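Number of protein chains: 2
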Amino acid sequence: MKVKDLTPRVLMGPGPSDAHPRVLRAMASPLIGHLDPEFIAMMDDVKSMIQQTMLTKNNLTFLVSAPGSAGMETCLVNLLEPGDECIICINGVFGGRMADIAERCGAKVHKVITPWGEVTTVEQVKKALDACPKPKLVALVHAETSTGALQPIPEISDLVHNAGSLLVVDAVTSYCGVPLKVDEWNIDAIYSGTQKNLSAPPGLSPVSFSDAAVKVLDNRKTKVQSWFLDLTMVKNYWAGAKRAYHHTGPVSSVFAISEALTLVLEEGLENRWKRHYTVHNYLKNQLESMGFRYLVNEENRLPNLNSVFLPEGQDEALLRNRLLNEFNIEVGGGLGDFAGKIWRIGIMGESCTFNHVNMLVGALKQML
Amino acid sequence: MKVKDLTPRVLMGPGPSDAHPRVLRAMASPLIGHLDPEFIAMMDDVKSMIQQTMLTKNNLTFLVSAPGSAGMETCLVNLLEPGDECIICINGVFGGRMADIAERCGAKVHKVITPWGEVTTVEQVKKALDACPKPKLVALVHAETSTGALQPIPEISDLVHNAGSLLVVDAVTSYCGVPLKVDEWNIDAIYSGTQKNLSAPPGLSPVSFSDAAVKVLDNRKTKVQSWFLDLTMVKNYWAGAKRAYHHTGPVSSVFAISEALTLVLEEGLENRWKRHYTVHNYLKNQLESMGFRYLVNEENRLPNLNSVFLPEGQDEALLRNRLLNEFNIEVGGGLGDFAGKIWRIGIMGESCTFNHVNMLVGALKQML
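Rendered as structure tokens:
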């Protein structure tokens, strides 16, 4: 299959979402060198735009040159050393992935396990801190892409900091889609992706470290186990005075993210959050009227990733394939225990419009 | 700095090189899902094209979703376990980087050190194997991007395999530019980049593992220390029957590489190798007539990356800045001991034309 032969799709799964034409045009710009002064100036501008959209003043704010999962690994391998204790809250695929990575770092992992579709409670974290009173870090997933659950952060953050620990947050599916306030919520290390609410192509991961996290990094006793993700070196490329070469920066992908972030700021961050809730409400009413049923309780429901059980008696795989093949609309299937049981319908970034919902709902009505 | 404000450049440094307009257009294609059957078909096609251009039948041939340095780390973290012994040949920055990564894997590293600009000899490897008769692997750099030295492989490969070890090769700057024969030379693990002779944007790394390397991977006693680069999982996404989700694939970058590989095969691999030598000879004559002097002996000289001392009395940084600012031509400076002393002039992929050389030589004549 060659690029010219691809069928145009409408992307309403868990990511990637549709990209704005300006982002696609940015990707097609001729390359420049990754150490060109103009590219360095673009990196500074991108850093500033990530700070503005994450609502943080963190100096160590940058793009990992690989997808969100590598952003996750960046946060954990840089903060954990062999023998460290940590608490990982698991209510879906991505909490489980964090625990897996932390174990590969040689850390002792205390798992706080919650049924998929629910969120971790303050009481659960309290209990975990009773068993492990001073973990190096506590990690949780702000928006669980596998279930569509939205995790409240501030109260848990207070608990974590009172214990003298760092708070690590997965914001892959929340960043630029729902309220996320890195400094106000006192998040120490955060990673996201580019292919969800930011509507840039997948491939890079915006990451930000608080000063407290940088201090932990600076005081490591052992080398970071990954050379590629070692922030003691990467930070000199993104934030150092001399901009030392570390690896070849992914120039075209940075072009795309620069343009995507520019679009977010043109719309306004709060307007963008509101848009996701407005379109979600419209989608929700339509889905429920057709017999779809939400997995997550209303109070912890992510607006931009809608995890729903199909109407009684429908074959989800068959219907999802028809949607792709007859209407060129992609929605996501379930993961883990929910494979074959739910759909994950994304209305993220450029895919978050009434037109998208009307296309999907119209197609569903034709099929059901 | 925004994308629209960038100055167009002529890229003649150590990478990225200029991209073909078809590659840029491919990057601008609307996204599709990373698990879409059409994208899976494209991955199969890309895998086949990497096999054809690496001259290998290796089934585990794929793209790492991150730049060449992550390809390097992929090869080493998947093959090495704590306590393993390995031999790393170092004649520039990238051999040194391999040793650093191998040490982070907990391996005992035996270093074969050669002055920068030279290549590792058969005798050196023999001696290293005397001291460490059965290393898990021996690693060397086919084309040292920091010096422009081209390492002969076949004889060393025989030695390595007679010792029952695996041969790991860095082909970042050789792949698609000079002869590289993975199966004929019996290379067990190889990684490259996309932004050199392939002339695609930087960001991904073509990697291939022989069956012998896969066997070592399958028989590991410990988990791979990197989750993101763990081939026991990644291989199910690229080569498994079920195509299990691992991380979100960098869709647009794969589009670009698909188109770039298609262009290589349209030109013909051997024609492309020849073109690099032909244009190199033309460049070399021009440079030498102006008083530039090559760092590397003629017999081990890489044609596509020309490391040269400047004519007597010239300030390299000043001249390189003028070249960039007045002519928009990028060439690379030296690294390590050669910082401030040499230029690295790349004629790679789409930047390997007589027109490129004439632009550069003309500008130099105007300035000198």
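Those sequence lines, one after another, are chains A and B.
Under our numbering, the letters of the first sequence match residues 3 to 370, in that order.
Under our numbering, the letters of the second sequence match residues 3 to 370, in that order.
A virtual CB, placed ideally from N, CA and C, is assigned to each residue, including glycine.
Keep in mind the model is a prediction, meaning the values are calculated, not measured.
Check: From the beta carbon of S207 of chain A, is the nearest beta carbon of chain B less than 8 Å away?
Finding: no
Note to self: Run through chain A and tell me which residues come within less than 9 Å of L26 of chain B, C-beta to C-beta.
What the structure shows: M29, A30, S31, P32, L33, S254
Note to self: Tell me the rounded alpha-carbon separation between K223 of chain B and L169 of chain A.
What the structure shows: 32 Å
Check: At a CB-CB cut-off below 9 Å, which residues of chain B make contact with R11 of chain A?
Finding: P32, L33, I34, G35, D38, E40
Item checked: alpha helix (DSSP H) runs wholly inside the region 266-304 of chain A, at least 4 long, in chain order -> 271-291
Notebook entry, point to check: Relative to the alpha-carbon of P69 of chain B, which residue among A:Y177, A:P16, A:L231, A:H22 has its alpha-carbon at the smallest distance?
Noted result: A:L231
Note to self: In the DSSP assignment, the beta strand (DSSP E) including H112 of chain B goes from what residue to what residue?
What the structure shows: 110-115
Next item on the list: With a threshold of 16 other CB atoms inside 10 Å of the CB of Q368 of chain A, please say whether the residue is buried or exposed.
Entry: exposed
Check: Between the C-alpha atoms of P208 of chain B and Q227 of chain B, what's the straight-line distance to the nearest angstrom?
Finding: Going by the C-alpha atoms only, they are around 21 Å apart.
Next item on the list: Go through its chain and collect everything with a Cβ distance to E157 of chain A's Cβ below 6 Å, but skip five positions before and after it.
Entry: V124
Check: In its own chain, which residues sit with a C-beta less than 8 Å from the C-beta of H278 of chain B, not counting the 5 before and 5 after it?
Finding: G179, V180, N199, P305, N306, I349, M350, C354.
Check: Count the other CB atoms within 10 Å of the CB of F64 of chain B; is the residue buried (16 or more) or exposed (fewer)?
Finding: F64 of chain B counts as buried, since at least 16 other C-beta atoms from the protein chains shown sit within 10 angstroms of its C-beta.
Checklist line | the region 87-103 of chain A touching the region 138-154 of chain A, judged by at least three CB pairs closer than 8 Å | finding: yes
Next item on the list: Quick one: give me the first and last residue of the alpha helix (DSSP H) that E157 of chain B is part of.
Entry: 156-164
Margin query: Please report the straight-line C-alpha distance between T250 of chain A and A191 of chain B, rounded to a whole angstrom.
Written below: 21 Å
Check: Would the beta-carbon of P203 of chain A fall within 8 Å of that of P32 of chain B?
Finding: no
Next item on the list: Measure the CB-CB distance between D339 of chain B and W118 of chain B and report whether it falls below 8 Å.
Entry: In contact: D339 of chain B and W118 of chain B (Cβ atoms closer than 8 Å).
Next item on the list: Kindly say whether A1 of chain B, judged by its beta-carbon, lies nearer than 8 Å to any beta-carbon of chain A.
Entry: A question about residue 1 of chain B goes unanswered here, because the residues of chain B that appear run from 3 up to 370.
Notebook entry, point to check: Mind checking whether the beta-carbon of E125 of chain B lies closer than 7 Å to any heavy atom of the ligand FAD?
Noted result: Summarising the ligand content, the structure contains no ligands, and the ligand FAD is consequently not present.
Margin query: Between the alpha carbons of A215 of chain A and S159 of chain A, how many angstroms are there, rounded?
Written below: 14 Å
Item checked: L263 of chain A vs I42 of chain A beta-carbon contact at 8 Å -> no
Check: Which residue from A:Y284, A:I103, A:R24, A:G195 puts its Cα closest to that of V79 of chain A?
Finding: Of A:Y284, A:I103, A:R24, A:G195, the smallest CA-CA separation from V79 of chain A is found for A:I103.
Next item on the list: Have a look at B:S212, B:V174, B:Y193, B:G166 and flag the residue whose alpha-carbon is nearest the alpha-carbon of E186 of chain B.
Entry: B:S212
Check: Using the rule of at least 16 other Cβ atoms within 10 Å of the residue's Cβ for burial, across every protein chain shown, is G364 of chain B buried or exposed?
Finding: exposed
Notebook entry, point to check: Got a sec, what are the start and stop residues for the alpha helix (DSSP H) I90 of chain A sits in?
Noted result: Careful: I90 of chain A lies outside any alpha helix (DSSP H), inside the beta strand (DSSP E) at 87-92.
Check: At a cut of 8 Å, does the region 3-20 of chain A reach the region 325-335 of chain A through at least three beta carbon pairs?
Finding: yes
Next item on the list: Could you check what DSSP says for A151 of chain B in three-state terms: helix, strand or coil?
Entry: strand
Check: Per DSSP, what kind of secondary structure is T55 of chain A in: helix, strand or coil?
Finding: helix
Check: Does the beta-carbon of D7 of chain B have 16 or more other beta-carbons within 10 angstroms, so that it is buried, or is it exposed?
Finding: exposed
Notebook entry, point to check: With 8 Å set as the bound, which would you pick, yes or no: does the beta-carbon of G166 of chain A sit closer than that to a beta-carbon of chain B?
Noted result: no
Notebook entry, point to check: Under 9 Å Cβ-Cβ, which residues of chain B neighbour S353 of chain A?
Noted result: What S353 of chain A touches in chain B: nothing, since even the nearest Cβ is about 10 Å away.
Margin query: Here's the rule: buried if 16 or more other CB atoms are within 10 angstroms of the residue's CB, otherwise exposed. What is A341 of chain A?
Written below: exposed
Check: Apart from the five residues just before and just after S173 of chain A, which ones in its own chain have a Cβ nearer than 6 Å to its Cβ?
Finding: For the record, residue 173 of chain A in the displayed sequence is Ala; it is not Ser. So the qualifying residues of the chain are H144, L182, I192, S194.
Notebook entry, point to check: Alpha carbon to alpha carbon, how far is M3 of chain B from N273 of chain A?
Noted result: 25 Å
Check: Quick one: which chain A residues come within Cβ less than 7 Å of E332 of chain B?
Finding: G35, D38
Next item on the list: Could you please tell me which residues of the region 45-60 of chain B, in chain order, have their CB closer than 7 Å to any CB of chain A?
Entry: Flagged, chain order: D47.
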